[in-house]
Structures are given as structure tokens and as C-alpha cells.
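Trainee: Structure below; questions to follow.
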Amino acid sequence: MRTFVHGAAVWDVARPRRPSRVAGVTMAGFRVRDLDALRMVPHPAVTLLLEFGAGSPVLDSAAGRQQRGSLVAGPGLGSGGALRARGENVECVQVRLSPVIAGAVLGASPADLDGAVVPLGDLWGREAARIRERLSDVSSWQERFALIDALLARRYEEGPPVDPEVAWAWRRVVGSRGLARVDGLAAEVGWSRKRLWSRFRSQLGLPPKRAVRLVRFDHAAHRLVAGDGAARVAADAGYADQSHLHRDVMAFTGATPATVAAEPFLAVDDIAWPGRGTLANEPARK
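Positions in the sequence shown are counted from 1; adding 205 to them yields this note's numbering.
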């Protein structure tokens, strides 16, 4: 376990010693004594938050709605700066699922989430409560990671895969860091544009153009956190100019690039998600 300090924020961060048995799954464990209004920055993965212990994280939406307990959200969690997390004595495991495998693991398409945050119990019923109890009962982070990994592997094996063409198109978007030409994806897989757009949206939870923007934003945001200037990031990440980058960052986070560069939610990635989670661990084509 390592300690992450960012301004007044102090988090204990744990990582699995072994990669998941399911390609497209990454995990990190967090223990935070005082989590104060943390902006949730969108990421191109389905997010699964499994909480346990005495405390409980709370997600506050811009509309005033609160969510507590274990949660699941589709790609782009927190778009527009709509979500902030807080809580005391928070202990949780955050799982990032590639959209390619998320439907099988969750038992529901990411499209069914429709960009919302959903209580895990709504998808898994009583199993969600049993997972919380088992995570509380074990004494180490590595045991928790192993427990979750076994659960996810079982659910993945039992769930239906996405179309190989859809999986290939997603990996093409990710591999290009959001620079792939969307109009060319259908031709590359030999499908009509209408068919690919429909299957991509229904199976992965977002349309191809949104996927390209989200992956490109994620790459640009991490470059900003690393200290690269906005003009250079805009040029390297494929934005038309710095103003274009500014508009995209504002659209995804509700904040300026300078503010996003200081966000602890992104800064902790170097410890919790080396290689930035699912973007470095995409499942191979079946």
C-alpha cells in the first residue's frame, strides 16, 4: 500500500500484485479518512465501486441527488462536472471495466445505465450485499482483490460477448488515443455505418463519436496532469487548437484545463492505475 498526498488530501492506495484473470479488468483499493468534495473526472471505462467498512462514500449530483453504497456507472462517469464524491473513513475497491466486457460482467449492457449512477443492488440484487460482507470480513487488500477477481471472472464466463466487430472498433478507438476516423470504422470491419453505430451504442453504452471524444479527452487530461502545457497537449492530442481543447475539457468536467490539471482524481492514477487502467489492458479479439 502506498500513500497519496495531494494538497490536503491523504489517501492510502493499494494495487493487486497480479493482473486480473479477465483482460479488460483493473482494480485499485482506497482508504481515505476525509474525502472532501472530490470532482469525478470522466474516464472511458465502466466504473464499479465496491464499498465496505465503517464509512460510506456519498456521490452528490448537480441535481441534488445523493447516492450511497456500492455503485456502477457507464463510461464518462461525471461528465460536465455533475458528480462529486465525499465521505469519512471511506474504504472501497474501484474496478474499471472495459466496455467490451462490461455487459457480460454486469449482466446488463452499459447502454442500460444511460450515463447514470446505479446502485449495484439494482443489477446484482442480494449478491451486492453479500460482496460487501465478504470484503469486510477479509483482512487484507490482496484477499479482497482475489475475491473480486474470482467473482468478475465467473460472471464474465457466464455472460454473452459483444460482437467481434464492435470489440475491434473499440480497440481501434483506444489504440489511436481517440484519433481514429469514426467514418472509417464501419468500412474497416465490413459493416454499414448504421449497423456499426447501432451495435456499438447498444453493446458498449455510447456512440462511436462520443467514444472518440472521451478517449481523446482522457489522454489529454492526463497529459495536463503530467505538467504539459495546454497548447502542446492540444496539438499532440489532435485538437484543432487550444480553444478546442478548452471547450472539450469544460464539456467533460465543468472546469478549465488549469483546474483539471490539479485534480487529485487524475493525479492518483500514477499510483492506482499505472498504464491508466483499461486503456492498457484491453481484451483481445475473440
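Glycine included, C-beta positions come from ideal geometry on N, C-alpha and C.
Would a check of beta-carbon distances place R359 closer than 8 Å to chain B?
Mentor: Looking at the structure shown, chain B is missing, and only one protein chain is on hand.
Trainee: Is the segment 272 to 291 close to the segment 362 to 374, with three or more CB pairs under 8 Å?
Mentor: no
Trainee: Which full runs of the alpha helix (DSSP H) of 4+ residues lie inside the segment 236 to 294, going along the chain?
Mentor: Segments of the alpha helix (DSSP H) lying fully in the segment 236 to 294: there are none.
Trainee: Please report the straight-line C-alpha distance between G212 and V305, rounded to a whole angstrom.
Mentor: Taking the first residue of the sequence shown as 1, we reach residue 212 at position 7. Taking the first residue of the sequence shown as 1, we reach residue 305 at position 100. When rounded, the separation of the alpha-carbon atoms in G212 and V305 is 36 Å.
Trainee: To the nearest angstrom, how far is it from the Cα of A467 to the Cα of L357?
Mentor: Within the sequence shown, numbered from 1, the residue matching residue 467 stands at position 262. Within the sequence shown, numbered from 1, the residue matching residue 357 stands at position 152. One C-alpha to the other measures close to 33 Å.
Trainee: Measure the Cβ-Cβ separation of V295 and F350 and say whether it is below 8 Å.
Mentor: For this step, residue 295 is matched to residue 90 along the sequence shown. For this step, residue 350 is matched to residue 145 along the sequence shown. Against a cut-off of 8 Å, the Cβ pair of F350 and V295 comes out as no contact.
Trainee: With distances taken between CB atoms, is the gap from P324 to Q272 smaller than 8 Å?
Mentor: Counting from one through the sequence shown, the residue named residue 324 turns up at place 119. Counting from one through the sequence shown, the residue named residue 272 turns up at place 67. Cβ atoms of P324 and Q272: closer than 8 Å.
Trainee: Could you spell out the range, first to last residue, of the alpha helix (DSSP H) harbouring D433?
Mentor: On the sequence shown, position 228 is the one that residue 433 refers to. It is not in any alpha helix (DSSP H) - D433 carries neither H nor E in the DSSP assignment.
Trainee: Keeping to the same chain, check which residues put their C-beta closer than 6 Å to that of V417; ignore five residues upstream and five downstream.
Mentor: Along the sequence shown, one-based indexing puts residue 417 at 212. For V417, where only same-chain residues beyond five positions count, the Cβ hits under 6 Å are V378, G383, V387.
Trainee: State the Cα-Cα distance for the pair G320 and R398, rounded to the nearest angstrom.
Mentor: Within the sequence shown, residue 320 is the residue found at index 115, counting from 1. Within the sequence shown, residue 398 is the residue found at index 193, counting from 1. Going by the C-alpha atoms only, they are around 23 Å apart.
Trainee: Q408 and S284 - do their beta-carbons sit closer together than 8 Å?
Mentor: Within the sequence shown, numbered from 1, the residue matching residue 284 stands at position 79. Within the sequence shown, numbered from 1, the residue matching residue 408 stands at position 203. No, Cβ-Cβ distance for S284 and Q408 is not below 8 Å.
Trainee: By Cβ distance, which residues of its chain are closer than 6 Å to R428, with the 5 residues on each side in sequence left out?
Mentor: In the sequence shown, the residue the question calls residue 428 occupies position 223. So the list reads V438, once near-sequence residues are dropped.
Trainee: Going by C-alpha to C-alpha distance, which of G274, G308, V322, V367 sits closest to A333?
Mentor: Working through the sequence shown from its first residue, we reach residue 333 at position 128. Checked all of G274, G308, V322, V367; the closest Cα to A333 is G274.
Trainee: I need the straight-line Cα distance from A445 to H424, nearest angstrom please.
Mentor: Looking up residue 445 in the sequence shown gives position 240. Looking up residue 424 in the sequence shown gives position 219. So the alpha carbons of these two residues sit roughly 15 Å apart.
Trainee: Excluding five sequence neighbours on each side, which residues of the same chain lie with their C-beta closer than 8 Å to the C-beta of Q447?
Mentor: As a first step, residue 447 is located in the sequence shown; it is residue number 242 there, counting from the start. Around Q447, the same chain offers A435, A436, A439 as residues with beta carbons nearer than 8 Å, after the five sequence neighbours per side are excluded.
Trainee: Considering only the alpha carbon of each residue, which of H451, P412, D475 lies closest to A431?
Mentor: The residue labelled residue 431 in the question sits at position 226 within the sequence shown. It is D475.
Trainee: Whose C-beta lies closer than 6 Å to the C-beta of P224 among residues of the same chain, with five residues either side of it excluded?
Mentor: In the sequence shown, the residue the question calls residue 224 occupies position 19. Counting only Cβ-Cβ distances below 6 Å, and skipping sequence neighbours, we find nothing.
Trainee: Quick check on this structure: which residue in G459, G312, W478, D217 has the alpha carbon closest to the alpha carbon of S266?
Mentor: Taking the sequence shown and counting its residues from 1, one reaches residue 266 at position 61. Ranking G459, G312, W478, D217 by Cα distance to S266 puts G459 first.
Trainee: Would you mind stating whether F422 and V454 have Cβ atoms separated by less than 8 Å?
Mentor: Stepping through the sequence shown from its first residue, residue 422 is reached at position 217. Stepping through the sequence shown from its first residue, residue 454 is reached at position 249. Yes, they are a contact pair.
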